[in-house]
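Structure, as structure tokens:
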Amino acid sequence: MKRDLVAGLEKGLAVIEAFDQERPRLTISEVAARTGLTRAAARRYLLTLSYLGFVSQDRKMFALTPKVLRLGQSYMHSARLPRIVEPELHKLAFALKEASAAGVLDGNDVICIAATSAGRVLSQHLQSGGRVPAYCSANGRALLAALAPEDADAWIARQTLEPVTPHTITHPDRLRTEVARARALGYACVDQELELGLRSLAVPLKNYRGDVVAALNISIHASRMSMEQLVEHALPPLLQAQQHLRMLL
């Protein structure tokens, strides 16, 4: 119940989450605005995080330190899902000689829990711990398709669909159509919507009860093959990996 929650921990984590790629350095006032805290409270949390080594300070500016990576590493080292998925992901990627990543839905985004480039340098998005918008990523579409239709519609209605590239679908009805298509087909395709030159194909990963717990993709550079060729090339091995992992999850 909510009365059992530690508000201080919740607010401290919100301060950490206030920093991102666009704003890696923030003032006290900016942290307060981003978290809804008062300026005095934001200052106390920043100073506490600085004392603990999670935040550095340069005059009026604050930034996260590498120590924050320990929080993500704790999950990667202790969680069952990445440990089970990673070997199959590497086997799939190196058999196809293509990049592959597995992710889970977290609010509006997909967080990558395992990834390999298979020797191909394609995208900064294809790395463990990375976070991408779910609406324009293949893993995201596969995970949205696994939701009940009414839940997926409600999720889409809450989004601000920004054009990440000129190809990004930004109209809610078109996105609903793509999610419904992925639900019917059992896989999702995204063609240069997340990043120019990047095509991805993803399938949902189910546990032995049939619950979708993650998604697994294969990504290629658009110059190497069409989306139709990617589906022909990668879908059968992806479905095979999906079936194998279902027995383990």
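Residue numbering for the sequence shown is 0 to 248, as defined by numbering that gives the first Met the number 0.
Just so you know, even glycine gets a beta-carbon here, dropped at the ideal spot from N, CA and C.
Everything numeric in this text was worked out from a predicted model, so none of it was measured.
Next on the checklist: Once the 5 residues before and after A113 are set aside, which same chain residues still bring their CB inside 8 angstroms of it?
Outcome noted: P81, V84, E85, L88, A100, A101, S127
Checklist entry - By Cβ distance, which residues of its chain are closer than 8 angstroms to Q191, with the 5 residues on each side in sequence left out? => result T164, H166, L197, R198, A221
Item to check | Collapsed DSSP secondary structure at R140 in the structure displayed | outcome: helix
Item to check | Paired residues, beta bridge with K205 - DSSP | outcome: V211
Checklist entry - Given that a residue counts as buried once 16 or more other Cβ atoms are within 10 Å of its Cβ, and exposed if not, what is E97? => result buried
Checklist entry - If we call anything under 9 angstroms between Cβ atoms a contact, is R245 one with N206? => result Contact flag set, yes.
Item to check | C-beta atoms of E194 and R140 nearer than 9 angstroms | outcome: If you check the CB distance, E194 and R140 do not come in under 9 angstroms.
Item to check | Unbroken beta strand (DSSP E) run spanning V103, endpoints | outcome: 98–105
Next on the checklist: Rounded to whole angstroms, what is the Cα-Cα separation between A183 and L248?
Outcome noted: 23 angstroms
Checklist entry - What does a CB cutoff of less than 8 angstroms around L204 pick up in its chain, not counting 5 residues either side in sequence? => result V84, A101, V211, V212, A213, A214, L215, Q241, L244, R245, L248
Next on the checklist: Along the chain, where does the alpha helix (DSSP H) containing S49 start, and where does it finish?
Outcome noted: Start and end: 38–51.
Item to check | Environment of S28 [buried if 16+ CB atoms lie within 10 Å] | outcome: exposed
Item to check | the segment 59–70 / the segment 23–42 touching (three or more Cβ pairs under 8 angstroms) | outcome: Contact annotation: the segment 59–70 touches the segment 23–42, with at least three C-beta pairs closer than 8 angstroms.
Next on the checklist: Under DSSP, the beta strand (DSSP E) around L63 begins and ends at which residues?
Outcome noted: Where L63 is concerned, the enclosing beta strand (DSSP E) stretches over 60–63.
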